[in-house]
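Peer 1:
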Amino acid sequence: MSSYLDWDVRKFEEDLERQLKRRRLIQHSRTDNRILEQSIPCFDQFLIIGVAPKQDNDQISSQNPSKVDDSFGLNGNNNDSDNISQSSVDEKNNNLKDNSHNFNNPRHCSGKFNTFDGKPEILLAYPPTKLENVNYERIVSFSFPTGVKGRYLRPNGMEFIQSAFVFTVGCHDTVIYGSCIHLSLEKAPSPFYARNTDKDTYFALVILSRSHIIGTHLLFLTQIGLSTLMQTELFDVPESFPPFFDASSLLPNLVVDDSVGHIDGITVPEQFTNLLRSYFTTKAASAAPIALSRETVLYFPPKFSSTDYLLYSTLDTLFSLLSVEYIVQIYSMLLLDAQVLVIGSSLQEVSMTVLALHCLLRPFEFSGQVIPILPNDSNFLSLLETPTPFLIGIAPVPELKNFVFLDTAVFIHLDKKSVSFQVEAPYPEYKSVIRNLKSILRKEKCKVSHPFGYPDILDFYLNSHANNKNSISKGSKVNRIDNKKRRFHFSPETCNQIAKCLHKPIEKVSSDDIFGFFVTDMNTSKGQGTTVFNSELFLVSVKKNERAYYEMLLESQTFQVFIENRICDYLYQTHGTKGLENPMTTEILVGQAKQRTRSRSKSIQREILCTE
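Take a look at the structure:
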């Protein structure tokens, strides 16, 4: 027994001295901000983003405006300057039933329009005010990560919905989730926010939200988007009074009509406005279901962890795309601060994969950047050159060939359903975890989806024409890929089982058992005890064949952040508020991760990108 627990006392004292020199003040709140609070509105803002048609005047009538270029925010060199007159309203609006509504344009403004400016912009916003500390230029970039024509993305033939995905933007200490769908107007009548000249570009419908009900948001966007294209009929919503907004913080270049901000020259249907108001005033948690149509009902989750809800909406996509062996290895590398790049031509698959992997890390908090979709823009692509950990999703853009990554970087190729590892980190009890996960999956194959998951209707729109020989969009070099629907539809219980199965081998670290390895030094200059984590004592307590992995884990930034929070938890449980002026602020000692040698020699091969 003594030989098994023979730990180096001198090394522990050296580590303790090193920690004493690196004190850090940790602000620790006992409030769990990951709980989906009932007071949070269903969403914070609804946006329609696209290329706005410009009305002709005497100054530009003689010019030769260029058409929208394939690339984001740039003008092409095409000299086609024909002025296209505005089409009349489709008479199909008159055939709708009294108890349903299509949000097509009720009346167009007269005049001629062109699209000489190819840069997408916000066409409609509700509420029309700016969200605090939100960069709207970035919102536009994230909404069209590869441009308004969806270059390098897997096309869906002539389907009305071309993409459905989620991006995130930081807002101080809050993460805002952007649920987004791309609408194609090639075979659709012009909606109220577009013109016939816009049919070669996509329009983005976006919901910005602090709540994590991304499945519900995507279903709402799908139905309201299809309704603007006269492809579905939604129930009428009673008129409601708009809440009060701060008129001093209106979004620029928009006119406000009945609490909706929009560009000049369009008319927003009343029922469209009423539906936005109704959804906006709904609370994010424990709200009553909302029937949008005879076939569609929006459900809202009970008051449980927001991380759980994200997991319920994304995990089945991850396991439908990658093997269990790959997922466990990726999970293992993420805990060790790896750079993980998720590459795919489906924005839905890429963003769901990134979000699912991030959620699985709980209770650990990944120490690097987490970006579900990275725009193909030099200002964003520079993030790939950082030496710090990241978990980033991106389309197979050719610019990736110009980057050299760390040797430890992990490339996930969703189109090929493969993963490239340069370095492997054997996860504790690896074979047992694989066996248990496969057992869970075998029992789940025939299950149907639940109300809080990724919407089934999007499986049809995003996958039904992936193999159609006419489904390759203009300017796209993406290969046709045999993309099947999701193999799994996990219930919330199954999601929890999978997460628990992954975490079980490292429960000694993530559970309260870690408290047994905290040591308090009472000989500080202030006369107060200082609590530290005794890593040497912990390492001699684990199995010898797993010690190498735990040594790497304890050196990771992810673990350093985690152990800081666990020390705070320990002090709060053992001392509470006694003897502390501010019980939520505790001075603790934290260790620094050892500096590991990082070299760059790993590049992305051309065949991986599927762009040529």
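Position 480, counted from 1, in the sequence shown is what UniProt numbering calls 480; the numbers after and before it change by one each time, with no gaps. Note that beta-carbon positions come from the ideal geometry of N, C-alpha and C, so glycine has one too.
Compute the beta-carbon to beta-carbon distance between M352 and V410, rounded to the nearest angstrom, for a pair I have assumed lies under 8 Å.
Peer 2: As a position in the sequence shown, residue 352 is number 352, starting the count at 1. As a position in the sequence shown, residue 410 is number 410, starting the count at 1. With a Cβ gap of about 18 Å, M352 and V410 do not count as contacting.
Peer 1: Please state if the CB of F390 and the CB of Q369 are separated by a distance shorter than 8 Å.
Peer 2: Taking the first residue of the sequence shown as position 1, residue 369 is located at position 369. Taking the first residue of the sequence shown as position 1, residue 390 is located at position 390. Yes. Within cutoff.
Peer 1: Along the chain, where does the alpha helix (DSSP H) that runs through A548 open and close?
Peer 2: Here residue 548 corresponds to residue number 548 of the sequence shown, with the count starting at 1. Its alpha helix (DSSP H) spans residues R547 to E555.
Peer 1: For my contact list, F488 and D308 are in at a C-beta cut-off of 8 Å; report their separation, rounded to the angstrom.
Peer 2: Position 488 of the sequence shown, counting from 1, holds the residue named residue 488. Position 308 of the sequence shown, counting from 1, holds the residue named residue 308. Actually they are not in contact, since the Cβ atoms of F488 and D308 sit about 17 Å apart, beyond 8 Å.
Peer 1: If you drop the 5 nearest sequence neighbours on each side, which residues of the same chain put their C-beta closer than 6 Å to that of L310?
Peer 2: Taking the first residue of the sequence shown as 1, we reach residue 310 at position 310. Contacts found: H212, L355 and C359.
Peer 1: Under a Cβ-count criterion, where at least 16 other Cβ atoms within 10 Å of its own Cβ denotes burial, should D512 be classed as buried or exposed?
Peer 2: On the sequence shown, residue 512 is found 512 positions in, with the first residue counted as 1. So D512 counts as exposed.
Peer 1: Considering only their Cβ atoms, is the gap separating I266 from L254 smaller than 8 Å?
Peer 2: Counting from one through the sequence shown, the residue named residue 254 turns up at place 254. Counting from one through the sequence shown, the residue named residue 266 turns up at place 266. Against a cut-off of 8 Å, the Cβ pair of I266 and L254 comes out as no contact.
Peer 1: Do A164 and L218 come within 8 Å of each other at the CB atom, strictly closer than that value?
Peer 2: The residue labelled residue 218 in the question sits at position 218 within the sequence shown. The residue labelled residue 164 in the question sits at position 164 within the sequence shown. Taking 8 Å as the Cβ cut-off, L218 and A164 qualify as a contacting pair.
Peer 1: Since I believe G178 is in contact with F167 (beta carbons under 8 Å), could you give me their beta-carbon distance rounded to a whole number of angstroms?
Peer 2: Working through the sequence shown from its first residue, we reach residue 167 at position 167. Working through the sequence shown from its first residue, we reach residue 178 at position 178. Indeed they touch by this definition, with Cβ atoms about 4 Å apart.
Peer 1: Which value, in whole angstroms, describes the spacing of the CA atoms of P290 and P128?
Peer 2: For the purposes of this step, residue 290 is taken as the residue at position 290 of the sequence shown. For the purposes of this step, residue 128 is taken as the residue at position 128 of the sequence shown. Here residue 290 is Ile; the residue named in the question, Pro, does not match the sequence. If I take the Cα positions, the gap works out to 24 Å.
Peer 1: Looking only at C-alpha atoms, which of V324, D459, V540 and F220 sits nearest to K438?
Peer 2: Working through the sequence shown from its first residue, we reach residue 438 at position 438. When each option's Cα is compared against that of K438, the closest is V324.
Peer 1: Nearest CA to the CA of A395: which residue from F364, T386 and S345?
Peer 2: Locating residue 395 in the sequence shown gives position 395, where the first residue counts as 1. Answer by Cα proximity: S345.
Peer 1: Determine the DSSP secondary structure at I604, reduced to helix, strand or coil.
Peer 2: Sequence index remark: in the sequence shown, residue 604 carries index 604 (1-based). Looking at I604 - three-state DSSP - the assignment turns out to be coil, as it is neither helix nor strand.
Peer 1: How many angstroms separate the CA atom of L276 from the CA atom of Q348?
Peer 2: Counted from its first residue, the sequence shown places residue 276 at position 276. Counted from its first residue, the sequence shown places residue 348 at position 348. Approximately 24 Å, taken between the alpha carbons.
Peer 1: According to the Cβ coordinates, are Y326 and P428 closer than 8 Å?
Peer 2: Indexing the sequence shown from 1 puts residue 326 at position 326. Indexing the sequence shown from 1 puts residue 428 at position 428. The answer is no: Cβ separation not under 8 Å.
Peer 1: Below 8 Å on the Cβ atoms is my contact criterion, and I expect S556 with L336 to pass it. Report the Cβ-Cβ distance as a whole number of Å.
Peer 2: Against the sequence shown, residue 556 aligns to sequence position 556. Against the sequence shown, residue 336 aligns to sequence position 336. Yes, they are in contact, since the Cβ atoms of S556 and L336 sit about 5 Å apart, within 8 Å.
Peer 1: Run through DSSP, which three-state label would P398 get?
Peer 2: Taking the first residue of the sequence shown as position 1, residue 398 is located at position 398. Residue state, collapsed to three classes: helix.
Peer 1: What is the rounded straight-line gap between the Cα of I567 and the Cα of R210?
Peer 2: Here residue 567 refers to the residue found at position 567 of the sequence shown. Here residue 210 refers to the residue found at position 210 of the sequence shown. About 29 Å.
Peer 1: Looking at T216: is its Cβ nearer than 8 Å to the Cβ of V397?
Peer 2: The residue you call residue 216 lines up with position 216 of the sequence shown. The residue you call residue 397 lines up with position 397 of the sequence shown. No, the Cβ-Cβ distance between T216 and V397 is not below 8 Å.
Peer 1: Output needed for E399: all residues of its chain with C-beta closer than 7 Å, excluding positions within five of it in sequence on either side, in chain order.
Peer 2: Residue mapping note: residue 399 aligns to position 399 of the sequence shown, counting from 1. Hits under 7 Å: N376 and L381.
Peer 1: What do you get for P191, buried or exposed, if any count of 16 or more other CB atoms within 10 angstroms of its CB means buried?
Peer 2: For the purposes of this step, residue 191 is taken as the residue at position 191 of the sequence shown. Buried: at least 16 other Cβ atoms inside 10 Å.
Peer 1: With C-beta atoms as the reference, is T558 less than 8 Å away from S367?
Peer 2: Counting from one through the sequence shown, the residue named residue 558 turns up at place 558. Counting from one through the sequence shown, the residue named residue 367 turns up at place 367. Yes; because the gap between Cβ atoms is below 8 Å, this pair is in contact.
Peer 1: Can you give me the start and stop residues for the alpha helix (DSSP H) that H182 sits inside?
Peer 2: Here the question's residue 182 lines up with position 182 in the sequence shown. It is not in any alpha helix (DSSP H) - H182 instead sits in the beta strand (DSSP E) that spans T174 to L183.
Peer 1: Between V148, I498 and C501, which lies nearest to A52 when the distance is taken from Cα to Cα?
Peer 2: Indexing the sequence shown from 1 puts residue 52 at position 52. Of V148, I498 and C501, the residue nearest in Cα terms is V148.
Peer 1: Judging by CA-CA distance, which residue of L131, K119 and C180 is the nearest neighbour of P372?
Peer 2: Numbered from 1 along the sequence shown, position 372 holds the residue referred to as residue 372. It is C180 whose Cα lies nearest to the Cα of P372.
Peer 1: Could you check the C-alpha separation between V261 and L123 for me, to the nearest Å?
Peer 2: The count along the sequence shown starts at 1 and reaches residue 261 at position 261. The count along the sequence shown starts at 1 and reaches residue 123 at position 123. A small correction: the amino acid at residue 261 is Gly; Val does not occupy that position in the sequence shown. Going by the C-alpha atoms only, they are around 8 Å apart.
Peer 1: Please classify G225: does DSSP put it in a helix, a strand, or coil?
Peer 2: As a working note, residue 225 is residue 225 in the sequence shown. G225 falls in the helix class under three-state DSSP.
Peer 1: Quick one: is P302 buried, meaning 16 or more other Cβ sit within 10 Å of its Cβ, or exposed?
Peer 2: By 1-based counting over the sequence shown, the position of residue 302 is 302. P302 comes out exposed.
Peer 1: With a floor of 4 residues, list each alpha helix (DSSP H) that falls wholly inside the region 360-412, ordered by position along the chain.
Peer 2: Runs of the alpha helix (DSSP H) inside the region 360-412: 378-381.
Peer 1: Tell me the residue span of the alpha helix (DSSP H) that contains Q45.
Peer 2: Along the sequence shown, one-based indexing puts residue 45 at 45. It is not in any alpha helix (DSSP H) - Q45 instead sits in the beta strand (DSSP E) that spans Q45 to V51.
Peer 1: Quick one: Cα of I434 to Cα of P363, how far?
Peer 2: In the sequence shown, counting from the first residue as 1, residue 434 sits at position 434. In the sequence shown, counting from the first residue as 1, residue 363 sits at position 363. Going from the Cα of I434 to the Cα of P363 covers about 21 Å.
Peer 1: Could you give the DSSP three-state label for I343: helix, strand or coil?
Peer 2: For the purposes of this step, residue 343 is identified with residue 343 of the sequence shown, where counting begins at 1. In the structure shown, I343 sits in a strand (DSSP, three-state: E or B).
Peer 1: From what residue to what residue does the beta strand (DSSP E) around H262 run?
Peer 2: If you number the sequence shown from 1, residue 262 lands on position 262. Where H262 is concerned, the enclosing beta strand (DSSP E) stretches over V260 to H262.
Peer 1: If we ignore side chains and look at the alpha-carbon of each, how far apart do I563 and T388 end up?
Peer 2: Here residue 563 refers to the residue found at position 563 of the sequence shown. Here residue 388 refers to the residue found at position 388 of the sequence shown. Roughly 19 Å between the two C-alpha positions.
Peer 1: Between P41 and Y279, what straight-line distance do the alpha-carbon atoms span, to the nearest angstrom?
Peer 2: Here residue 41 corresponds to residue number 41 of the sequence shown, with the count starting at 1. Here residue 279 corresponds to residue number 279 of the sequence shown, with the count starting at 1. Their backbone Cα atoms lie some 9 Å apart in a straight line.
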